[in-house]
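First the structure, in the form of structure tokens, and then the observations on it.
Numbering (this note's numbering), first residue to last: 59 to 152.
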């Protein structure tokens with residue numbers, strides 16, 4: 059679990075520095091690990107989904123319609139579960 063949080067935190071750092079291409083696979087790795095260990099609707103999984111969604115909407119190299127629809131779906135997941143407690147990791151707000 060700590061390793062997955064560290065991967066997410068590194069992805070957040072790279073994302074904040076504008077290294078989107080390096081951050082994206084790390085977010086996906088953290089998301090896969092969280093979903094496998096905690097489930098897709100766990101607050102930590104939703105936080106990583108939000109981080110990846112923010113990267114996909116903020117970076118210009120992910121402007122494909124398919125990615126946009128995925129981002130919107132993840133945002134909806136996040137908003138419906140926003141009342142849950144947040145766990146460790148990058149704390150980006152929508």
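Where is the CB? At the ideal position from N, CA and C, for every residue including glycine.
Query, Result
"Please list the terminal residues of the continuous alpha helix (DSSP H) segment that includes residue 90.", "78 to 96"
"Would you mind reading off the limits of the alpha helix (DSSP H) that contains residue 103?", "101 to 116"
"Within 10 Å of its beta-carbon, does residue 91 have 16 or more other beta-carbons around it, so buried, or fewer, so exposed?", "buried"
"Under the rule that 16 or more other beta-carbon atoms within 10 Å means buried, what is residue 112, buried or exposed?", "buried"
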